[in-house]
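Step one of this worksheet: look at the structure below.
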Amino acid sequence: MFQYGGSRSDDDTGSLRLDSAGGSAWSVGDIARGLWRARFWALGGAIACVLAAFLLSQVLRPSYEASAQVYVDPQDLQLLRNDISPNLSPGDSGAAFIESQARIMESAGVLRAVVRKLDLAYDREFVSSRNPISRLLSPMNEDAVSDEELEQSAVDALSRKVHVIRADRTYFIEIYARAETATKAADIANAIVSTYMAMREKQRAEQAEQASGSLEQRLDGLRATVRNNEEAVERFKTANNIVVTNSGTLIEKRLGEANLSVSNAERAMDEAKAELDQLNLMKNNPTLFLSSPAATKSADMLRLRGEYERAEAELGALTATLGPRHPARIRAQSQIDTISRSIAQEVARLRTNAQLEYDNAQAEHDAAVAALKRLTGTFQTSDNARVQLRQLEREAESSRAVYEEALLRARETREQAQINTINMQVISEATPPLYKRFPPRRAILLPLALMIGFCGGAAFGLMLQMLRFTPPRDHRADAAPAGTQSRYVDRDPDRRPDRRDAEPRTASYAPHPAE
541 MFQYGGSRSD DDTGSLRLDS AGGSAWSVGD IARGLWRARF WALGGAIACV
591 LAAFLLSQVL RPSYEASAQV YVDPQDLQLL RNDISPNLSP GDSGAAFIES
641 QARIMESAGV LRAVVRKLDL AYDREFVSSR NPISRLLSPM NEDAVSDEEL
691 EQSAVDALSR KVHVIRADRT YFIEIYARAE TATKAADIAN AIVSTYMAMR
741 EKQRAEQAEQ ASGSLEQRLD GLRATVRNNE EAVERFKTAN NIVVTNSGTL
791 IEKRLGEANL SVSNAERAMD EAKAELDQLN LMKNNPTLFL SSPAATKSAD
841 MLRLRGEYER AEAELGALTA TLGPRHPARI RAQSQIDTIS RSIAQEVARL
891 RTNAQLEYDN AQAEHDAAVA ALKRLTGTFQ TSDNARVQLR QLEREAESSR
941 AVYEEALLRA RETREQAQIN TINMQVISEA TPPLYKRFPP RRAILLPLAL
991 MIGFCGGAAF GLMLQMLRFT PPRDHRADAA PAGTQSRYVD RDPDRRPDRR
1041 DAEPRTASYA PHPAE
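In terms of the numbering used here, the sequence shown opens at residue 541 and continues consecutively.
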């Protein structure tokens, strides 16, 4: 192994030590002296970086970023009972809805509307996408660009300057817009919000109008279907001689009335039969009839009952005081017999009337039963027709219900087009930012450039000194025998050699142990 500088002390700050691996090592004094010698490089680098940073801050286009925040609720306002679009549940579907709305805000349709609203197609910031060389080589084509191409170029440029995100686990959407001026950045962010809200409301109104138009077009067909079904019902009624009233068909109404007549006639016949039987039982003893309820129905019978009671009372009084053959008693008994014959005649008359009433009631009952049988036969004959009629009426009723529902839905949908049910709020509008996003402010950029330039210049100067102090590669020294001298070549002309540096240095050779 060779070792250079073996005779020098370690405290010599101007010396260079070579280790056994042939590399160089600097002491603290060497580094300090190297930094002092590189002070002009550091100062020059600092000045150059500061000037470059200042020029870049003047040349580079500034970029301001403004942001707006909106709240979008997936559940719209429920102003009407039947809304055109059902509300979403506040779960995963609601989060997906908010994410979709964020993508819509930065879609080409919204950005194109913003470009037209702010006239960005004629703003050099958004249409000067071609490089300067291309514009110089084809200056004529720059004027020949159509308005559609300018607008598309502005939309493409705006899409790179707009960023819309949804805050985590919330319904808040943040819109970020960048531009060369703070006012323009705020205008773009606010224009995106207002354009999105107007576009969403327009789409909702258009959907309602389209749905209402589709329903109204369908109403004509439904109306024709209802008319055809109702006409089919009327034609069937006429063909089968069916008359419908509020309570049903006419034959059903007549059948009910006939059934009621039979019931009434049967009840009247039973009452007449009961009265006739009672009179038949009392025909042999008319005086018993005076105490029956039937006697109260005849005024003559009431008069006769009064006379009979008075005559009987008089006879009883005479019997107590007079003998059986007394003329007064005989006259009283004769009067009672006369009243009894009159009562018997009245009972016979009542019995005859009761018989007539019973016969009439029976005749009416028989007539009602016959009419009921006749109507029952007619009803059974028209049973198939009534089944078909009910089927036609059900079809007409169902088509009428569908038509009425569609008519009501069309009117509600038409009203929904005039009502804004979107549940969306602008939490914070975009305001012009105070500071640029890029390049940084000079208060930050210039000190940073000064520090970078100073450190870079010092490092560059120190690297040059390291290259100058590197000893040259001498193959002859490697091949020289033991005891030969080796010179150290100093590449730094500014360094003054001292006495130790002028002396020749001997290379010590340490032989390897014999194998």
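In this text, a Cβ means the ideal position worked out from N, Cα and C, and glycines have one as well.
State the Cα-Cα distance for the pair P1033 and D570, rounded to the nearest angstrom.
Any reading at P1033 must be qualified, since the residue scores a pLDDT of 45, below 50, and its modelled position is unreliable; the value itself is stated next. Approximately 16 Å, taken between the alpha carbons.
Are the CB atoms of S938 and Q609 nearer to each other than 8 Å?
no
Classify Y898 as helix, strand or coil using the three-state DSSP reduction.
helix
First and last residue of the uninterrupted alpha helix (DSSP H) at R865
Where R865 is concerned, there is no enclosing alpha helix (DSSP H), given that its DSSP letter is neither H nor E.
E928 to Q641, Cα distance in whole Å?
Note on identity: in this sequence residue 928 is Gln, with Glu being the wrong assignment. Distance between the alpha carbons of Q928 and Q641: 56 Å.
A941 to S607, Cα distance in whole Å?
53 Å
Leaving out five residues before and five after F994 in sequence, what residues of the same chain have Cβ atoms less than 7 Å from its Cβ?
A582, G585, A586
Does S603 come out as helix, strand or coil in the three-state DSSP assignment?
strand
Taking Cβ positions, are K701 and A726 nearer each other than 8 Å?
no
Quick check on E969: does DSSP put it in helix, strand or coil?
coil
As an exercise, report each continuous beta strand (DSSP E) stretch of at least 3 residues that is fully enclosed by the stretch 715-789, in chain order.
none
Confirm, please, whether the CB-CB distance from A901 to A798 is below 8 Å.
no
Coarse secondary structure for A707, derived from DSSP in three states
coil
In the DSSP assignment, find the unbroken alpha helix (DSSP H) run with R656 in it and report its ends.
648-658
Return the chain-ordered list of same chain residues with a C-beta closer than 6 Å to the C-beta of E646, the five sequence neighbours on each side being excluded.
V702, V704
Within a Cβ cutoff of 7 Å, which residues of the same chain sit near L776, ignoring the five residues on either side of it in sequence?
Correcting the residue identity first, residue 776 is Phe in this sequence and not Leu. So the list reads Q928, L929, L932, once near-sequence residues are dropped.
Please go through the same chain and pick out, in chain order, the residues whose beta-carbon is closer than 7 Å to the beta-carbon of R740, but skip the five residues on each side of it.
I962
Look at the alpha carbon of A911 and the alpha carbon of A779, and state the distance between them as a whole number of angstroms.
24 Å
Leaving out the 5 sequence neighbours to the left and right, which residues in its chain are closer than 8 Å to L759 when beta-carbon positions are compared?
Y943, A946, L947, A950
Determine contact between the stretch 738-753 and the stretch 890-898, defined as no fewer than three beta-carbon pairs at a distance below 8 Å.
no
Quick check on A491: does DSSP put it in helix, strand or coil?
No statement about residue 491 is possible, as the shown extent of the chain runs from 541 to 1055 and does not include it.
Endpoints, alpha helix (DSSP H) assigned at K701:
687-701
As assigned by DSSP and simplified to three states, the class of Y611:
strand
What are the residues that DSSP puts in a beta bridge with F637?
F637 is not bridged to any residue.
Nearest-angstrom Cα distance between S603 and D687?
26 Å
If you run the structure through DSSP and keep just helix, strand and coil, what is I644?
helix
So, is I870 buried or exposed, given that buried needs 16 or more other C-beta atoms within 10 angstroms?
exposed
Using a Cβ-Cβ cutoff of less than 6 Å, which residues in the same chain neighbour R954 once the five nearest sequence positions on both sides are dropped?
S752
Locate the alpha helix (DSSP H) running through R664, then write down its first and last residues.
664-667
Report the CB separation of L510 from R767 in whole angstroms; it is logged as a contact under 8 Å.
What is shown of the chain runs 541 to 1055, which leaves residue 510 out entirely.
For I791, name the three-state secondary structure that DSSP assigns.
helix
Reference A694, options R652, Y848, R977, closest by Cα
R652
Three-state secondary structure assigned by DSSP to I713:
strand
Does the Cβ-Cβ distance between L593 and A970 come in under 8 Å?
Before going further, note that residue 593 is Ala rather than Leu in the sequence given. No.
Please name the residue in E935, M809, I883, E815 whose C-alpha comes closest to that of R843.
I883
Give a yes or no on whether 8 Å exceeds the smallest Cβ distance from G996 to chain B.
Here chain B cannot be found, since the structure has a single protein chain.
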